[in-house]
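Structure record follows, encoded as structure tokens.
Here it is as structure tokens:
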């Protein structure tokens, strides 16, 4: 129930916890009047507009999540129907004992943090450079943003070609410089970083646009005042400009982190299957593999719930921050 | 020490294929501790001039010397100046104290305690000591204005630059701050260059006024000199509210001939005029007096078109009896004088109060007499 309200805030309208209160208020002698008093004068009258989408989203999104949680508590595998009579946390303890799961969780975390930080830094750098009244500003902006418009599948495909051990352009460049070939995809110690690099290439443009919007909102006088106050360019950015980008940083990081959790499409396309290269398995690929390759439905559901909790861990504080600032 | 010299300073902006001269060959010398107000209509180049002094705009040609040192190529952070911006430009993520300390932290090697003391002192001077922990967003316009000034004075610079610092305040606060700024500048005795488009600020605050128009310096003089002895027609019209009345006239021997009136001149005035025949006659509204009868040489019968009572005085829009409707000039008369629209009254334009300008160049050829 708590989760239901939490995630309900996501949609950001007055509907969110209406369902909860409906139960509690039913004891009143006049339910319509009581509801209207509690939620505003037209709560019942306007229900024909918000109630259908509310019920649909509630059933197919939040209902499905709860169902998923239930399945994760069963031992459901193979064909047939799940048995709901015997619910326990066995799948979760199995996950903790499964080194594949732990590795995937660690990889997910590294990808989440590493990818987000590097992409933010790169996006900020690009935004600052582009904001300095350069020539062909719009052209550069479009070029940097372009990768964002590509589908994960396309990006994965051509980074797979570029990372190719024998014919990939990266190894060709490296060997022409007299260095040895690197097995970008095959080496489990490197592959995660190679994936991170490709994702960063795709998303740095997005971070740049968010930061650019933030930079444009800062009046010119702040730069000038800082200069007159004696700050060097680096100090000016560090102390006056970048701190004012707090809002942009938070929104960009939330989006980037959520994308990092969903990097499934990228890894799936990289190898064309559920089994990513060794060393690059993340919870999302693990979940799909357990479900559709191994038919371990309950176990996959447990992985899914873990992933869901991680997402909440990211989005929750952001929503709380926005709520505190009065934006929700 | 804080002298500031502008020597033939010119700023040219590229504009498409051509160029726009924003500031044209401006010479100003400010002595240490002087309060100079740079005034002019929008787009006259006054802000550009200030920004060149600050180092925020490059100088196309000419030289700026600060305390005797040429600073053309010195970056703003290395010129010893503090600037107050029209929008205040307070850093929103820092407290008032952080805002005030920032300049000292960046431009000096002072210890944290020393900075704290100086910030506290400056805050005391500005009467914002109790606001030090607040963020700019929590302050009123007047308080922000004080913080912006405090941020400048805490630096103790050679020169203050102020870019229309009072224009975002309401009228009452503005006149309060005007007095306070003067007191402050007097107390600190720091050379100050103050840009404004408001001629009241120019008249009341400055030791001297520099009047710019279309990038060209028109006159640098004390406020009263600018008022009573304008160098040209532009200055005469810009300083003073309501502004001076101008009548195009032709000199015919000893008389100035306009469309609807003749104005005889005396010998001393004629000497000033010399050989110029195409002239503009200027007279300030307060110098036009109501005359009892039309016997004098310089009396004219007029019709009152509009009266704007201001309480202490009436602003009266007059029309010469022979002039077409709408062609008015302004006179101010005492608030208790009974004048109403449609009245026919006789006014006198005393010869000692008139200004004469060259009709072509606008240069003053004769200014009013001043009783010493």
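Residue numbers (full-length UniProt numbering), protein chains in the order written: chain L, 1 to 328; chain F, 1 to 372. We put the CB at the ideal spot given by N, CA and C, even for glycine. Remember, it's a predicted structure, so these values are computed and weren't measured experimentally.
### Task
Please go through the same chain and pick out, in chain order, the residues whose beta-carbon is closer than 7 Å to the beta-carbon of residue 104 of chain F, but skip the five residues on each side of it.
Close CB contacts of residue 104 of chain F within its chain, under the 7 Å cut and outside five residues either way in sequence, are with 110, 115, 118, 154 and 155 (chain order).
Selected residue, minimal CA-CA separation from residue 137 of chain F, among F/286, F/189, F/90 and F/192:
The alpha carbon of residue 137 of chain F has as its nearest neighbour, out of F/286, F/189, F/90 and F/192, the alpha carbon of F/90.
*asked:* Once DSSP output is grouped into helix, strand and coil, what is the label at residue 280 of chain L?
replied: Judged by DSSP in its simplified three-state form, residue 280 of chain L adopts coil rather than helix or strand.
Would you grab the beta carbon distance between residue 77 of chain L and residue 296 of chain L for me? Rounded to a whole angstrom, and I think it's under 8 Å. Going by Cβ atoms, the distance from residue 77 of chain L to residue 296 of chain L rounds to 5 Å, so yes, they are a contact pair.
Checking 7 Å against the spacing of the C-beta atoms, do residue 298 of chain L and residue 91 of chain L come in under that value? Yes, they are a contact pair.
Practice prompt. Tell me, to the nearest whole angstrom, how far the beta carbon of residue 249 of chain F is from that of residue 227 of chain F; I am working on the premise that it is less than 8 Å.
Written response: With 8 Å as the limit, residue 249 of chain F and residue 227 of chain F do not qualify as a contact, their Cβ atoms being about 22 Å apart.
> So, does the CB of residue 137 of chain L fall closer than 7 Å to a CB anywhere in chain F?
Replying inline: Residue 137 of chain L does not count as touching chain F.
**Alpha carbon of residue 71 of chain L to alpha carbon of residue 303 of chain L, nearest angstrom** = When rounded, the distance between both Cα atoms is 11 Å.
Could you name the residues of the same chain whose beta carbon sits closer than 8 Å to that of residue 27 of chain L, not counting the 5 residues immediately before and after it, in chain order? With a pLDDT of 49 at residue 27 of chain L, under the threshold of 50, the modelled position of this residue cannot be trusted; read the value that follows with caution. Non-local beta-carbon contacts of residue 27 of chain L in its own chain, meaning distances under 8 Å to residues more than five positions away in sequence, are absent.
Looking at the C-beta of residue 210 of chain L, does it have a partner C-beta in chain F at a distance below 7 Å?
Residue 210 of chain L does not count as touching chain F.
Starting from the Cα of residue 87 of chain F, find the closest Cα among F/143, F/9, F/26 and F/330 and give me that residue. Check the Cα spacing between residue 87 of chain F and each of F/143, F/9, F/26 and F/330: the tightest is with F/143.
### Message
To be precise: take each residue of the stretch 216-236 of chain L, compare its Cβ to all Cβ atoms of chain F, and keep it if any distance is under 7 Å. Which residues remain?
### Response
Of all residues in the stretch 216-236 of chain L, only 219, 221, 222, 224, 225, 227, 228, 229, 230, 231, 232 and 235 place a beta-carbon less than 7 Å from a beta-carbon of chain F.
Exercise for review: Give, in chain order, every residue of the stretch 301-323 of chain L whose Cβ lies closer than 7 Å to some Cβ of chain F.
Suggested key: Here the close residues number zero.
Subject >> At least 3 beta-carbon pairs within less than 8 Å: the stretch 113-127 of chain L vs the stretch 168-177 of chain L >> reply: Touching, no, given that fewer than three Cβ pairs across the two stretches are closer than 8 Å.
For residue 24 of chain L, is the classification buried or exposed, using 16 other Cβ atoms within 10 angstroms of its Cβ as the cut-off for buried? Interpretation of residue 24 of chain L is limited by its pLDDT of 44, a score under 50 that renders its predicted location unreliable; the figure taken from the coordinates is listed afterwards. When all chains shown are included, residue 24 of chain L counts as exposed.
- Message: Helix, strand or coil for residue 316 of chain F? Go by DSSP, reduced to three states.
- Response: Look at residue 316 of chain F here: in three-state DSSP terms it is strand.
Three or more C-beta pairs under 8 Å: does that hold for the stretch 313-327 of chain L against the stretch 171-184 of chain F? No: fewer than three Cβ pairs fall under 8 Å.
Chain-ordered chain F contacts of residue 240 of chain L [CB-CB under 9 Å]
Contact note: residue 240 of chain L reaches chain F through 91, 93, 94 and 102, using a C-beta cutoff of 9 Å and chain order.
request  = Give the DSSP-derived three-state secondary structure of residue 139 of chain F in the structure shown.
outcome  = Here residue 139 of chain F carries a coil assignment [DSSP, helix/strand/coil].
### Message
Under 8 Å, CB to CB, which of the residues in the stretch 241-267 of chain L have a partner in chain F?
### Response
Taking a C-beta cut-off of 8 Å against chain F, the contacting residues of the stretch 241-267 of chain L are 243, 244 and 246, listed in chain order.
Return the residue from the list L/274, L/240, L/146 and L/207 that minimises the CA-CA distance to residue 117 of chain L.
The residue with the shortest Cα to Cα distance from residue 117 of chain L is L/207.
Check your understanding: Measuring CA to CA, which of F/191, F/217 and F/216 is closest to residue 206 of chain F?
Key -> F/191 is the residue among F/191, F/217 and F/216 whose C-alpha sits nearest the C-alpha of residue 206 of chain F.
query = Going along the chain, which residues of its own chain have a beta-carbon closer than 6 Å to the beta-carbon of residue 129 of chain F, five neighbours each way excluded?
reply = Apart from sequence neighbours up to five positions away, the residues of its chain that approach residue 129 of chain F with a beta-carbon distance below 6 Å are 123, ordered along the chain.
Same chain, Cβ closer than 7 Å to residue 221 of chain F, five either side skipped, listed in chain order: Closer than 7 Å at Cβ, skipping near neighbours: 208 and 209.
- Is the stretch 69-82 of chain F close to the stretch 234-241 of chain F, with three or more CB pairs under 8 Å? Contact fails: fewer than three Cβ-Cβ distances are below 8 Å.
**Report entry** CB contact check: residue 126 of chain F to chain L, cutoff 7 Å
**Finding:** At a cut-off of 7 Å between C-beta atoms, residue 126 of chain F does not count as an interface residue with respect to chain L.
Does the pairing of the stretch 190-207 of chain L with the stretch 29-40 of chain F give three or more beta-carbon distances under 8 Å?
-> Result no; under three Cβ-Cβ pairs closer than 8 Å.
Residues near residue 5 of chain F by beta carbon distance below 6 Å, same chain, minus five either side: The beta carbon of residue 5 of chain F lies closer than 6 Å to those of 29 and 65 in the same chain, with the five residues before and after it left out.
### Minimum Cβ-Cβ distance from residue 136 of chain F to chain L less than 7 Å
Proximity of residue 136 of chain F to chain L, defined by a Cβ-Cβ separation below 7 Å, is not satisfied.
- Query: Do residue 95 of chain L and residue 282 of chain L have their C-beta atoms closer together than 7 Å?
  - Reply: Result no, Cβ atoms of residue 95 of chain L and residue 282 of chain L do not sit closer than 7 Å.
Coarse secondary structure for residue 78 of chain F, derived from DSSP in three states: Note: residue 78 of chain F maps to helix in three-state DSSP.
Using only alpha-carbon positions, find the residue among F/158, F/326, F/194 and F/81 that is nearest to residue 167 of chain F.
Looking at F/158, F/326, F/194 and F/81, the one whose alpha-carbon comes closest to that of residue 167 of chain F is F/194.
Cβ distance (whole Å) where residue 165 of chain L is taken to contact residue 194 of chain L below 8 Å: Residue 194 of chain L and residue 165 of chain L do not touch by the CB rule: their CB atoms are close to 12 Å apart, not below 8 Å.
Got a sec? Which residues, its chain only, sit under 6 Å from residue 148 of chain F by beta carbon, not counting five neighbours each side?
-> Hits under 6 Å: 84 and 88.
_Tell me the residue span of the alpha helix (DSSP H) that contains residue 306 of chain L._
Where residue 306 of chain L is concerned, the enclosing alpha helix (DSSP H) stretches over 297-324.
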